[in-house]
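In my numbering, the protein residues as written are 27 to 232. All C-beta atoms, glycine included, are put in the ideal place defined by N, C-alpha and C.
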Ligand code: PRP
Ligand code: URA
């Protein structure tokens with residue numbers, strides 16, 4: 027299922043991110059801010075457990091997070107989303123998947139994986155700003171399932187209906203979060219209007 031997060035602040039920051047004149051420095055900062063704002067919504071159904079703590083005044087029955095959270099950025103561009111979320115959830119553990127699209131076939135090629143232990147008991151958030159054909163996110167989700175992950179959320183910034191449809195078909199159990207659903211892909215698999223090549227803009231490559 028798709029959850030489109032259209033908070034005015036998110037939309038405002040995404041407009042800045044999309045502008046072609048936005049510098050690498052600003053692109054990085056805005057991407058981090060967007061990830062933090064999205065995290066607020068993505069985490070709103072996290073389970074809580076009862077705890078008893080002591081304030082300076084008295085004992086207090088309250089609640090605390092009951093689950094382990096694992097962030098898995100898809101390299102490279104997903105790296106730009108990590109810090110915005112770990113600022114809010116500093117206890118989150120972080121795995122990595124290195125993946126790039128073959129420019130001719132658009133098929134994702136995996137070149138690196140490293141995950142924390144015990145994915146089965148964690149809520150795993152796959153981070154990738156771009157959901158284009160859905161090939162990269164779909165493969166990342168499959169790799170995580172093969173490594174034991176059971177509860178997976180896909181957090182992207184910009185997507186298109188093609189990618190949403192593919193993830194919905196191949197991984198109906200995975201909740202998809204987007205800050206914008208764009209129109210379509212061009213012939214080279216880039217999102218229109220999109221924001222260009224997220225990895226290149228984030229790291230100043232071309
Ligand atoms: C981009 C982006 C996604 C993927 C999306 O990565 O960060 O991972 O493309 O496209 P898809 O939905 O069609 O698979 P890219 O392959 O450019 O690698 P990079 O981040 O290392 O530049
Ligand atoms: N990957 C990107 O970085 N941008 C797109 O528009 C599509 C895939």
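#1: Cβ of residue 134 within 7 Å of any heavy atom in ligand 1?
#2: Thinking C-beta only, is residue 72 closer than 8 Å to residue 153?
#3: Taking 8 Å as the limit between beta carbons, can you name the residues of its chain near residue 146, skipping five residues before and five after?
#4: Cβ-heavy atom distance between residue 125 and ligand 2 below 7 Å?
#5: Would you call the CB atoms of residue 190 and residue 202 closer than 8 Å?
#6: I'd like the list of long-range same chain contacts for residue 227, defined as Cβ closer than 6 Å, with 5 residues on each side in sequence excluded.
#7: If residue 151 sits next to residue 103, beta carbons under 8 Å apart, how far is it from one beta carbon to the other, in whole angstroms?
#8: Could you please go through the chain and list the residues whose beta-carbon is closer than 5 Å to any non-hydrogen atom of ligand 2?
#9: Would you check if the distance between the CB atom of residue 122 and the CB atom of residue 101 is smaller than 8 Å?
#10: Which of the three DSSP states is assigned to residue 68 in this structure?
In this structure, then:
#1: yes
#2: For residue 153 and residue 72, no; Cβs fall outside 8 Å.
#3: 174, 175, 176
#4: no
#5: yes
#6: When the five nearest sequence neighbours on each side are left out, the beta carbons in the same chain lying within less than 6 Å of the beta carbon of residue 227 are those of 53, in order along the chain.
#7: Actually they do not touch by this definition, with Cβ atoms about 15 Å apart.
#8: 156, 158, 216, 217, 220, 223, 224
#9: yes
#10: helix
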